Structures are given as structure tokens and as C-alpha cells.
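Visitor: Letter by letter, the sequence shown follows residues 89 to 400 in our numbering.
We put the beta carbon where it would ideally sit given N, CA and C, even for glycine.
If you're wondering where the values come from, they're calculated on a predicted model, not measured in any experiment.
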Amino acid sequence: MTATDLVLHHYPRSPFAEKVRIAFGLKGLHWHSVIQPRIAPKPELVALTGGYRRIPVLQIGADIYCDTRRILAELERRFPEPTFYPTGTRGQADVIAAWADRALFATALGLVFGLNGDRFPPELHADRASFTSGKFDGWDSVKMREQLPALRDQFRIHLAWLSDWLAHGDAFLLSKAPSLADLAVYHPLWYARSNLGESEGLAGHLRLLAWMDRVASLGHGMVEDLSPEHALEMARRCQPAAGSHSIVAADQNAPFTEGMMLSVTPLDWGFDSVIGALVSADYDSIALRREDPDIGATVVHFPRAGFAIGRL
Ligand SMILES: N[C@@H](CCC(=O)N[C@@H](CS)C(=O)NCC(=O)O)C(=O)O
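1. My guess is that P391 and R158 are in contact by the Cβ rule of under 8 Å, so how many angstroms apart are they, rounded?
2. Are the Cβ atoms of F167 and K223 separated by less than 7 Å?
3. What is the residue span of the beta strand (DSSP E) that R377 lies within?
4. Can you tell me which of the three DSSP states G384 falls into?
5. For F395, write down the residues that DSSP places opposite it in a beta bridge.
6. For L250, which residues in the same chain have their Cβ closer than 6 Å to its Cβ, ignoring the five residues on either side in sequence?
7. For F395, verify whether its CB is less than 6 Å away from any heavy atom of ligand 1.
8. Thinking just about the alpha-carbon of each residue, which of D189, D380, G176 and A396 is nearest to the one in L277?
9. Who are W119's beta bridge partners in DSSP?
10. Say the cut is 6 Å; is the CB of F104 nearer than that to a heavy atom of ligand 1?
11. Counting pairs of beta carbons, one from the region 307-321 and one from the region 220-237, are three or more of them closer than 8 Å?
12. With a cut-off of 8 Å on the beta carbons, I'd call I383 and V352 a contact; round off their distance for me.
13. Within 10 Å of its beta-carbon, does T156 have 16 or more other beta-carbons around it, so buried, or fewer, so exposed?
14. Under 7 Å Cβ to Cβ from L94, same chain only, skipping five residues before and after it: list those, please.
15. Counting only runs that start and end within the region 210-287, where is the alpha helix (DSSP H) found for 4 or more residues in a row?
16. Can you check whether the CB of A365 is closer than 7 Å to the CB of G347?
17. With DSSP run on the structure shown, which of helix, strand or coil describes D206?
18. Give every residue of the same chain whose Cβ lies closer than 8 Å to the Cβ of G309, excluding the five residues on either side of it in the sequence, and list them in chain order.
19. Taking C-beta to C-beta, are R378 and G138 nearer than 7 Å?
20. Could you give the residue range of the alpha helix (DSSP H) that holds H450?
21. Under the rule that 16 or more other beta-carbon atoms within 10 Å means buried, what is K130, buried or exposed?
22. Would you mind stating whether L247 and G198 have Cβ atoms separated by less than 7 Å?
23. Consult DSSP for A188 and reduce its assignment to one of helix, strand or coil.
24. From the DSSP output, in three-state form, read off R365 for me.
25. Any heavy atom of ligand 1 within a distance shorter than 6 Å of the CB on I374?
26. Just to check, is the beta-carbon of R142 closer than 6 Å to a non-hydrogen atom of ligand 1?
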């Protein structure tokens, strides 16, 4: 393995991980798969991130990319062709992704847990209840089931919007070629379809199902398994890449200076903060450097959309 190899920390049933796996397929990339646990604790993941436990996480040497928004931005930077943004789709694709990653995902998740909640182990419910700090009805199966009629309504509306949209006749949502919008809209529907089949309205949307099959056929790229120990060893052996070290000095909140200690915390769920010294920041990305007693220095990269930055 080399310092620029792509290592994805994930687990098979994670919808957000599926977004990245399909992104690998779209770009035809070779990557290494590290399977992480579905519930905390995740010692071999947080050693790399400094506390962030969400899935997926992309590791390239000692650079650690958190959140699919930041992961896809990095893949686009390193492997620009084929692009996630066919001509004219930047901006549109980002707005659609923000809707799909929150509203569409939350509806699909609510439906799966509302219908199948009893089949998931109690440890998963307990973990997700603390992970979401009381959102989603405290992850209580009975309360989640009570939400089903409302969630079904919402899901059917979402499906109808998407199906109407595809009436334009192009193969993908924003153009003849796939874009980031397709990846983002696909993963919650993949999650619903793989857990619930085509009930809950999908069966009535043949155009949408055909589009899902087209996205699925992008595949997952070329994948090789890797153990968590090997991934940690990789981080130990590598130095974080120097990068461009650009810092937006006149930030809207307060000036940023290289090396200042900051925290970065998700705004939606999984509110674990990562603390580190500022390496770089621009309008939609921020990177912190931290030292782990076992693996040494890592730089942890986040998007700014959906994250709060705190000054220590
Ligand atoms: N906005 C994040 C969301 C990530 C997320 O919520 N992932 C889920 C799995 S699909 C998660 O981490 N769940 C808790 C866990 O797996 O520990 C992203 O785009 O990566």
C-alpha cells in the first residue's frame, strides 16, 4: 500500500457509506475497505478522527476525511474525471444533496425503524438514542411505529417529486451523466429498498426504479479488504500531507490563525467534537491537526456546511 491509497472506514448497511461506494464506482477508483462496528465504541476509528464516530470516514495516509460532503470534495479534487458535477450542475447538485441527506434520509430511516424496529438489537436502539440525543423519538420502537402514517405520507410525496423530475427523460437527475445529486438521492432510497423492498410506494414508480438501477450499475469501483490494524499502521507510517495551508483570515465569525485550537462538531446528529490545531480553512472546509498517543499526527478534515466551529 502507498500513502495515497484510498481507505474507506464503513459497514455494508450504512446508507451514507453507499453514497461513497457508488462515488468510487462513478470515478472507477480502486479502494481499500475497512469494516468498522455499527455501534460505539469504535476505538480503531476514533484513534484516527479524535472523536468523530460517524460512518463513513475516508483515510488517505494520515489525512482523515469526515462526512460524505468532505469525502466527495476530496475525491473530486484528486480525481477530477469523470466529474461529480457535469457542466452546469454545481450548486444545484449541492442543494439537492443537502435535501436528500437530511429530509429524504430521515424519512427513509424513520420508515425502516418504524416498520422493522423490533428486528434490530436493543444495543442498536440504545446506541442510536444517545447518538441522536433524543431526536427520532428517543429511538423508542413503539413511538417510532406511531409515526408511520405520517412518514408514509412524506415518503410518497418525496417519491412523486423524484419521479416527476425524471420525466425529463435524461438518464440521470441533472444531466445525461451522473452527478453528485444522483449519489445523494440514491442512498436513502437504496436503504429503503434494501430493507423494505419496493413496498412503501417504490413499486408504483417504475421510472424511479429504473433510475435506481442505473445508479446501482455504476458499481463500487475496485475494492480490496483491509484490517483496521493495517489502516492504523498506515496512519502511523505516514505524515499528513502538507496541503495548501490556506486560511481565510477574515472569517465572518472571527479571525482564524494557523495553529489556534478549535473544536468541530456536527449540527445534526452524532454530536462528538474533534479538537485540534487549525491547519487550513476556507468557506466550506476546515482541517485540524491532532496528535494521537499511539499513531502520531493526523489531520482531520471536515466540511463547514452542517458543522459548528468552536474556539477554545
Ligand atoms: N452527514 C454525515 C452523516 C453520516 C451518518 O449519519 N452516518 C450514519 C451511518 S449511515 C452513522 O454514522 N450512524 C451511526 C454509526 O454508524 O455509528 C455524512 O454525510 O457522512
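Guide: A quick look at the data gives this:
1. Locating residue 391 in the sequence shown gives position 303, counting from the first residue. Locating residue 158 in the sequence shown gives position 70, counting from the first residue. The beta-carbon separation of P391 and R158, rounded to 4 Å, stays under the 8 Å limit for a contact.
2. Walking along the sequence shown from the start, residue 167 turns up at place 79. Walking along the sequence shown from the start, residue 223 turns up at place 135. For F167 and K223, no; Cβs fall outside 7 Å.
3. On the sequence shown, residue 377 is found 289 positions in, with the first residue counted as 1. S373 to D380 is the extent of the beta strand (DSSP E) around R377.
4. Here residue 384 refers to the residue found at position 296 when the sequence shown is read from its first residue. Three-state DSSP puts G384 in a strand.
5. Taking the sequence shown and counting its residues from 1, one reaches residue 395 at position 307. Beta-bridge pairing links F395 to P354.
6. Sequence index remark: in the sequence shown, residue 250 carries index 162 (1-based). Listed in chain order, the non-local C-beta contacts of L250 below 6 Å within the same chain comprise L296, local neighbours out to five positions each way being set aside.
7. Within the sequence shown, the letter at position 307 stands for residue 395. Checking every heavy atom of ligand 1 against the Cβ of F395, none is found closer than 6 Å.
8. The residue given as residue 277 occupies position 189 in the sequence shown. Checked all of D189, D380, G176 and A396; the closest Cα to L277 is D189.
9. Within the sequence shown, residue 119 is the residue found at index 31, counting from 1. DSSP output for W119 lists V311 as bridge partner(s).
10. For the purposes of this step, residue 104 is taken as the residue at position 16 of the sequence shown. Flag set: Cβ of F104 near ligand 1.
11. With fewer than three CB-CB distances shorter than 8 Å, the region 307-321 does not count as touching the region 220-237.
12. The count along the sequence shown starts at 1 and reaches residue 383 at position 295. The count along the sequence shown starts at 1 and reaches residue 352 at position 264. So it is not a contact: roughly 19 Å between Cβ atoms.
13. As a position in the sequence shown, residue 156 is number 68, starting the count at 1. Burial call: buried.
14. The count along the sequence shown starts at 1 and reaches residue 94 at position 6. Excluding positions up to five away in sequence, the list reads L117, W119, H120, L146 and I148.
15. 210-219, 229-234, 236-253 and 268-284
16. The residue you call residue 347 lines up with position 259 of the sequence shown. The residue you call residue 365 lines up with position 277 of the sequence shown. It is a contact, given that the beta carbons lie within the stated cut-off.
17. Here the question's residue 206 lines up with position 118 in the sequence shown. Looking at D206 - three-state DSSP - the assignment turns out to be helix.
18. As a working note, residue 309 is residue 221 in the sequence shown. Hits under 8 Å: R109, F112, G113, K115, G116, L117, H118 and W119.
19. Within the sequence shown, the letter at position 290 stands for residue 378. Within the sequence shown, the letter at position 50 stands for residue 138. It is a contact, given that the beta carbons lie within the stated cut-off.
20. It is not possible to answer for residue 450, since the shown part of the chain is limited to 89 through 400.
21. Your numbering for residue 130 matches position 42 in the sequence shown. Flag for K130 reads buried.
22. Against the sequence shown, residue 247 aligns to sequence position 159. Against the sequence shown, residue 198 aligns to sequence position 110. No, Cβ-Cβ distance for L247 and G198 is not below 7 Å.
23. The residue labelled residue 188 in the question sits at position 100 within the sequence shown. It is helical.
24. To locate residue 365, count along the sequence shown from 1; it is residue 277. The residue asked about is misnamed: residue 365 is Ala in this sequence, not Arg. If DSSP states are grouped into helix, strand and coil, A365 belongs with the strands.
25. The residue given as residue 374 occupies position 286 in the sequence shown. Flag unset: Cβ of I374 not near ligand 1.
26. Here residue 142 corresponds to residue number 54 of the sequence shown, with the count starting at 1. Within the cutoff, so yes.
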